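K.L.:
Mapping of the sequence shown onto full-length UniProt numbering: position 197 corresponds to residue 197, and the numbering continues sequentially without gaps.
Note that CB positions come from ideal geometry on N, CA and C, so glycine has one too.
Here the structure is a predicted model, which means the values were calculated and not measured.
A single structure is presented below for examination.
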Amino acid sequence: MSAAAGKSTKGRTKSLQSKLENFGASKLHVEAKESVASSSIAPAMAAVETGETGLGEAGYGKILAAIGSLKSDFSTRLDGILTAIEGVRKEVRECSDRIAEAEVRISSTEDDVSSLQTKVKTLEAKNTKLEDKVEDLEARSRLSNLRLVNLPEDAEEGDACAFLENWIPDVLNLDPLRSKFILESAHRIGQRRDANAPPRTFIMKFLKYRDRMVVTDPIQRPAGEI
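As structure tokens, then:
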């Protein structure tokens, strides 16, 4: 080999080494080196790195072709990896969007729950007041009621109010000139029993609370039995 050819060969060798070193700066070249080390061109690569190739133009062409094949293979694999990564990114973005939407809905639901809890507390307070009022009204409505026991069955002969309005003053020996008792209602409790059972209880409702007090308070009436 002539000196000019040797210089030319050394120049091409240095250029090739420079290209290989630049290519080896990436992670892909590390994998390429491992793959090449196990292939049939490993001895040639070792020779290129040491500068003792002894190869001609055809040998360098084969080496460059092998490197180009590796680059193409890595490029294909890298494209697949990038496609998979892009798919993962897309799924992550979709999950992020769903999470953001769920957070908005949860926040809205929490606001609704808080509002409903406030309304429930308000309604509970109103309900308590209404219950107290109902109890008070029931108690007031019963103030004029009076229970009468042991009055024989059918003694009222149909019209219970008329019978009791006349019967009570007679039993209590009340002044006949006083105003007459007026009952709003009078009825027995429960269903009719057999003849041997005790008579059913009467419930009377006086029109005036004062009349009820006359019947129940001994101080306001003369002695009598009822």
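Please list the terminal residues of the continuous beta strand (DSSP E) segment that includes K205.
P.N.:
For K205, the enclosing beta strand (DSSP E) stretches over residues F202 to F206.
K.L.:
Are the CB atoms of A160 and R200 within a distance shorter than 9 angstroms?
P.N.:
No, the pair does not count as a contact, with Cβ atoms beyond the cut-off.
K.L.:
Specify the secondary structure class of N145 as computed by DSSP and reduced to three states.
P.N.:
strand
K.L.:
Measuring only the C-alpha atoms, how far is L143 from N150?
P.N.:
22 angstroms
K.L.:
Where does E184 fall in DSSP's three states?
P.N.:
strand
K.L.:
Just reading off the alpha helix (DSSP H) that E165 is part of, what are its end residues?
P.N.:
A160 to L172
K.L.:
For the segment 165–182 and the segment 105–118, state whether three or more C-beta atom pairs, one from each stretch, are separated by less than 8 angstroms.
P.N.:
no
K.L.:
Does DSSP classify N127 as helix, strand or coil?
P.N.:
DSSP places N127 in helix when its eight states are reduced to three.
K.L.:
Nearest-angstrom Cα distance between L146 and S107?
P.N.:
So the alpha carbons of these two residues sit roughly 60 angstroms apart.
K.L.:
Between L207 and I182, is the Cβ-Cβ spacing less than 9 angstroms?
P.N.:
The Cβ-Cβ distance between L207 and I182 falls below 9 angstroms.
K.L.:
Quick one: is I85 buried, meaning 16 or more other Cβ sit within 10 Å of its Cβ, or exposed?
P.N.:
exposed
K.L.:
Is the distance from the Cβ of E156 to the Cβ of A125 below 9 angstroms?
P.N.:
no
K.L.:
Using a C-beta cutoff of 9 angstroms, does D170 count as contacting chain D?
P.N.:
Annotation note: the requested chain D is absent from the structure, which comprises a single protein chain.
K.L.:
May I have the straight-line CA-CA distance separating K90 from K62, to the nearest angstrom?
P.N.:
The alpha-carbon atoms of K90 and K62 are separated by roughly 41 angstroms.
K.L.:
Going by DSSP in three states, Q191 sits in which element: helix, strand or coil?
P.N.:
coil
K.L.:
Just the C-alpha distance for R193 and F163, rounded to the nearest angstrom, thanks.
P.N.:
21 angstroms
K.L.:
Go through the segment 62–123 residue by residue and report every complete run of the alpha helix (DSSP H) that reaches 4 residues or more, in order.
P.N.:
none
K.L.:
What residue range is occupied by the uninterrupted alpha helix (DSSP H) comprising D210?
P.N.:
Rather than Asp, the amino acid found at residue 210 in this sequence is Arg. Element bounds for R210: Y209 to T216.
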